[in-house]
Amino acid sequence: MFPSVDTYAFDLDRVRRAHARRRARHGAVAVFAVCVALWASGVSAQPADLAQGKRLFESQCGSCHGPLGNGGKGANLAQPRLRRASDDEALFNIIRRGIRGTEMPGSPLTPSQVSSIAAYVRTLGRVAPENIPGDRIQGQGVYASLDCARCHTVGGRGGVVGPGLGDIGARRSAAHLREALTDPAASVPSGFLQLRVVARDGRAFSGIRVNEDAFSVQFLDLQGRLHSFWKDELDVLDQQWQRSPMPSYAGRLTADETDDLVAYLVSLKGVTDE
Ligand code: HEC
Ligand code: HEC
Numbered sequence: 037m038f039p040s041v042d043t044y045a046f047d048l049d050r051v052r053r054a055h056a057r058r059r060a061r062h063g064a065v066a067v068f069a070v071c072v073a074l075w076a077s078g079v080s081a082q083p084a085d086l087a088q089g090k091r092l093f094e095s096q097c098g099s100c101h102g103p104l105g106n107g108g109k110g111a112n113l114a115q116p117r118l119r120r121a122s123d124d125e126a127l128f129n130i131i132r133r134g135i136r137g138t139e140m141p142g143s144p145l146t147p148s149q150v151s152s153i154a155a156y157v158r159t160l161g162r163v164a165p166e167n168i169p170g171d172r173i174q175g176q177g178v179y180a181s182l183d184c185a186r187c188h189t190v191g192g193r194g195g196v197v198g199p200g201l202g203d204i205g206a207r208r209s210a211a212h213l214r215e216a217l218t219d220p221a222a223s224v225p226s227g228f229l230q231l232r233v234v235a236r237d238g239r240a241f242s243g244i245r246v247n248e249d250a251f252s253v254q255f256l257d258l259q260g261r262l263h264s265f266w267k268d269e270l271d272v273l274d275q276q277w278q279r280s281p282m283p284s285y286a287g288r289l290t291a292d293e294t295d296d297l298v299a300y301l302v303s304l305k306g307v308t309d310e
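Residue numbers for the sequence shown follow the numbering used here, beginning at 37 and rising by one.
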């Protein structure tokens, strides 16, 4: 169920045991033990902590971050690098204290519960190696023939209406990618909001919101062109939550083509290219 558990930095029990030893023995030897424990905590953690972390995550965090951690009202945590929780200490503090000025709340959990959740959160960014049927080279051909690059970039090339896919295989599970192809509106990544806009002069657009404040809105149309309007220039500004401009490919791909395309997407683990 879990990705390999070789490098989790959180093993608070170990640190605690080290503190206990320090209390028991005092002096330089114990300080040395703490250092060793801190060092060792970087390379191992008990799988039991992860199981507890998963349970706690599902009950305390899943409502906002999604049961799989890949986002909802809260940020997508299932990615290799987290914007604010850039290292383990920051992650621990965020879970404990929340992020002031945002919807991310602090928690009354104990330090050991926080550390097991943190360890679990770190696993979310490393999607377990799955057995993926399909041929990624064939899949690359399917990607090209369906012109996915009209809306998506891989390796810096392509359109910008959809999210960059250059590291999608590192961020998402194969199951999620399969669903994205057949039911794109099912799990729109946070940050994506489809708009329908009709200007006073009669021009109508569908697009993806880039920015909006009380007076103006900026969006990309489906050709990737940026538009900016004052709100008083608009007749309609319709926020289409849970809708996606991405067409569904259900019924347009054979089972083999779907497998191949998913295998190709899973293989994209490079650097971000948005
Ligand atoms: C009420 C909704 C809510 C709950 C519950 C919640 N979060 Fe959050 N969380 C958010 C929001 C919203 C953000 C984004 C804050 C921002 O950056 O503006 C966030 C951000 C984060 C971040 C920073 C992500 C980054 O990109 O660095 C982490 C880590 C995090 N949450 C973990 C957790 C964990 C673990 C739990 C459960 C203990 C949890 N959150 C519970 C709403 C929530
Ligand atoms: C008309 C533009 C458009 C086309 C064409 C398009 N997509 Fe998308 N795609 C989007 C948008 C916008 C999103 C983000 C909203 C969503 O998830 O539905 C998206 C989301 C995705 C996601 C999920 C990303 C994530 O972070 O979860 C994947 C995977 C994906 N597209 C793959 C493809 C593939 C493969 C093709 C070609 C078969 C394709 N798309 C064609 C616009 C498009």
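Glycine included, each C-beta is placed from N, C-alpha and C at the ideal position.
Values in this document were obtained by computation on a predicted structure and should not be read as measured data.
Taking residue i as the reference, give the member of the options with the closest Cα.
i: Ala196; options: Glu269, Ser284 and Ile244; result: Here residue 196 turns out to be Val, not Ala, going by the sequence shown. Of the listed residues, the one whose Cα sits closest to Val196 is Ile244.
i: Ser181; options: Gln278, Asn247, Gly306 and Arg288; result: Arg288
i: Arg136; options: Gln176, Arg120 and Val150; result: Arg120
i: Thr159; options: Ala87, Ile204, Val298 and Tyr285; result: Ala87
i: Phe228; options: Asn112, Lys305 and Arg91; result: Asn112
i: Gly200; options: His188, Ala210, Asp249 and Arg208; result: His188
i: His263; options: Gln275, Glu248 and Met140; result: Glu248
i: Asp183; options: Val302, Tyr285 and Ala291; result: Tyr285
i: Ala250; options: Asp268, Val233 and Met282; result: Asp268
i: Ile131; options: Leu118, Val150 and Asp124; result: Val150
i: Lys305; options: Ala154, Asp203, Asp85 and Ala211; result: Asp203
If residue i sits next to residue j, beta carbons under 8 Å apart, how far is it from one beta carbon to the other, in whole angstroms?
i: Val157; j: Phe241; result: Not quite, the Cβ-Cβ distance comes to about 38 Å (not below 8 Å), so this is no contact.
i: Val246; j: Gln254; result: 4 Å
i: Gly175; j: Asp296; result: 4 Å
i: Ser7; j: Gln96; result: The displayed coordinates of the chain run from 37 to 310. Any statement about residue 7 would go beyond what the structure contains.
i: Val272; j: Val233; result: 6 Å
i: Ala299; j: Arg172; result: 4 Å
Is residue i near ligand 1, with its Cβ less than 7 Å from a heavy atom?
i: Val224; result: no
i: Pro141; result: yes
i: Thr138; result: yes
i: Ser181; result: no
i: Leu160; result: no
Report yes if the C-beta of residue i is less than 7 Å from at least one heavy atom of ligand 2; otherwise report no.
i: Val197; result: yes
i: Ile173; result: no
i: Phe228; result: yes
i: Ser280; result: yes
i: Ala111; result: no
i: Arg186; result: yes
i: His212; result: yes
So, does the CB of residue i fall closer than 8 Å to a CB anywhere in chain D?
i: Val253; result: Looking for chain D here will not work: only one protein chain is present.
Quiz prompt | Minimum length 3: unbroken beta strand (DSSP E) runs contained in the segment 189-245 | solution = 230-235
Self-check item: Entirely enclosed beta strand (DSSP E) segments - the segment 99-183, minimum 3 residues
Solution: none
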